[in-house]
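Asker:
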Amino acid sequence: MNIVALGLKKFSTNDKVINAIYQQVKNGLNISMDHEGNLWAKRVCQCPVFARSFSGSDQEVIRIEKRPTKIFDIQSLKTNLICSLRKMPPTVVTTDRELEKMCFVCLQIGCREKALLQAPSWLIIVHLVALEFLNVFAEKEKSRISSRKSQQGSSYQCPVEASREGPYGKMYSKHITSVSHLAGT
């Protein structure tokens, strides 16, 4: 397991509210990733810590205890990815966004608020390994569909390409591709 230490003591401030939060957090929490890609959090501080996932319409909130608690499940991501591939092509585009949202975990330190920005102390963890897994899997699926399309000679179009084409046809598609290439995607 890899353990990442984030320290806040190196920042000095005269704000009483922030100093009170520093005192509550004290030793903070430990966040680690196992060899499968699951994220675990263990609360070391005395104040309550809550983890929130942004997947789906209902936001699951987990209270992190003083023992390791799983805050990201890679198997759940894989299961949802397989389920999204079995759906009809028009629904895949919205499901891709939901899959990407699963790779973000928000930690609220001190209290549990409905709105993230109303919490006094929070941080968002972006699981880059899971995002890269989604990108690699999407590229493999896209190449598999295009090879099947060329073998069968059918008129099936990959949902990703259909969404990029837009109302202006292939010219619009080339523009989007070049912009996404510049952005590094």
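Using the numbering used here, you'd call the opening residue of the sequence shown number 48 and step up by one each time. Beta carbons: idealized from backbone N, C-alpha and C, even for Gly.
1. Decide if R110 is buried, meaning its Cβ has at least 16 other Cβ atoms within 10 Å, or exposed.
2. Please state if the CB of L170 and the CB of E147 are separated by a distance shorter than 8 Å.
3. Quick one: is C150 buried, meaning 16 or more other Cβ sit within 10 Å of its Cβ, or exposed?
4. Does the region 85-96 come within contact of the region 114-127, defined as at least 3 CB pairs closer than 8 Å?
5. Measure the CB-CB distance between I129 and G84 and report whether it falls below 8 Å.
6. Specify the secondary structure class of C130 as computed by DSSP and reduced to three states.
7. Give the straight-line distance between the Cα atoms of E112 and T126, rounded to the nearest whole angstrom.
8. The alpha helix (DSSP H) with A67 in it runs from where to where?
9. Rounding to the nearest angstrom, what Cα-Cα distance links F97 and D143 in this structure?
10. Roughly how far, in whole angstroms, is the beta-carbon of I172 from the beta-carbon of L86, given that I think they are within contact range, below 8 Å?
11. Checking 8 Å against the spacing of the C-beta atoms, do Q155 and A162 come in under that value?
12. If you reduce the DSSP assignment to three classes, tell me which class N85 lands in.
13. Exposed or buried, which one is L175 when buried takes at least 16 other CB atoms within 10 Å?
Answerer: This is what the structure holds:
1. Per the 10 Å Cβ criterion, exposed.
2. No, the pair does not count as a contact, with Cβ atoms beyond the cut-off.
3. C150 comes out buried.
4. The count of Cβ pairs closer than 8 Å, one atom from the region 85-96 and one from the region 114-127, reaches three, so the stretches are in contact.
5. Contact check for I129 against G84 fails: the beta carbons are separated by 8 Å or more.
6. In this structure, C130 counts as helix in the three-state DSSP scheme.
7. One C-alpha to the other measures close to 26 Å.
8. That run of the alpha helix (DSSP H) goes K63 to V72.
9. Straight-line measurement puts the Cα of D143 at about 26 Å from the Cα of F97.
10. About 7 Å separates the beta carbons of I172 and L86, which is inside the 8 Å limit, making them a contact pair.
11. Going by C-beta atoms, Q155 is not nearer than 8 Å to A162.
12. Reduced to three states, the DSSP call for N85 is coil.
13. With fewer than 16 other Cβ atoms within 10 Å, it is exposed.
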